[in-house]
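> Got a structure here, written out as structure tokens. Questions coming.
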């Protein structure tokens, strides 16, 4: 199986109550909760990619972000094995309204709902959270 190396960037968007936004992603036969984000385009900075993806997926625009860290993940998608380096940024957002958008092709995961999670819930849930290291990145 072909291995693809990919850079991605995600934003841990935190509301005024300290909760983090996760999007419920679904593919046939699997589902998970993930931070808004996605692939870094050639010559694009990770910060810019994360901000672009946040707007594309949620309609939310922020400017001030801070680096939480980077994690490595591996997964199979569309007949290929991916090794992905994910840069995770944090941003504050006073609101809680989200406009779910699905800008990617239909073969990509669909975001079907969103939820603001208490940080401690990330450790306690049986749900699949992506990235799995999110609680640690948030210092929980």
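Numbering (my numbering), first residue to last: 13 to 152.
Idealized CB from N, CA, C, for every residue including glycine.
Rounded to whole angstroms, what's the CA-CA distance from residue 95 to residue 27? Just pull it up for me.
31 Å
> Pairs of beta-carbons, one from the stretch 99-111 and one from the stretch 72-85, closer than 8 Å: are there three or more?
In this structure the stretch 99-111 touches the stretch 72-85; the number of beta carbon pairs closer than 8 Å is three or more.
> Just checking my contact of residue 36 with residue 72 at CB under 8 Å: how many whole Å lie between their CB atoms?
The pair is not a contact, with the Cβ atoms about 16 Å apart (cut-off 8 Å).
> Does the ligand COA have a heavy atom nearer than 7 Å to the CB of residue 59?
This structure simply doesn't include the ligand COA, nor any ligand for that matter.
> Starting from the Cα of residue 131, find the closest Cα among 20, 121, 150 and give me that residue.
150 is the residue among 20, 121, 150 whose C-alpha sits nearest the C-alpha of residue 131.
> So within the stretch 57-93, which uninterrupted alpha helix (DSSP H) runs reach at least 4 residues, ignoring any that extend past its ends?
58-70
> Considering only the alpha carbon of each residue, which of 87, 136, 145 lies closest to residue 15?
87
> Tell me the rounded alpha-carbon separation between residue 42 and residue 122.
Straight-line spacing of the CA atoms in residue 42 and residue 122 works out to 11 Å.
> At which residues does the alpha helix (DSSP H) containing residue 33 begin and terminate?
Note, residue 33: premise wrong, no alpha helix (DSSP H); beta strand (DSSP E) at 32-39.
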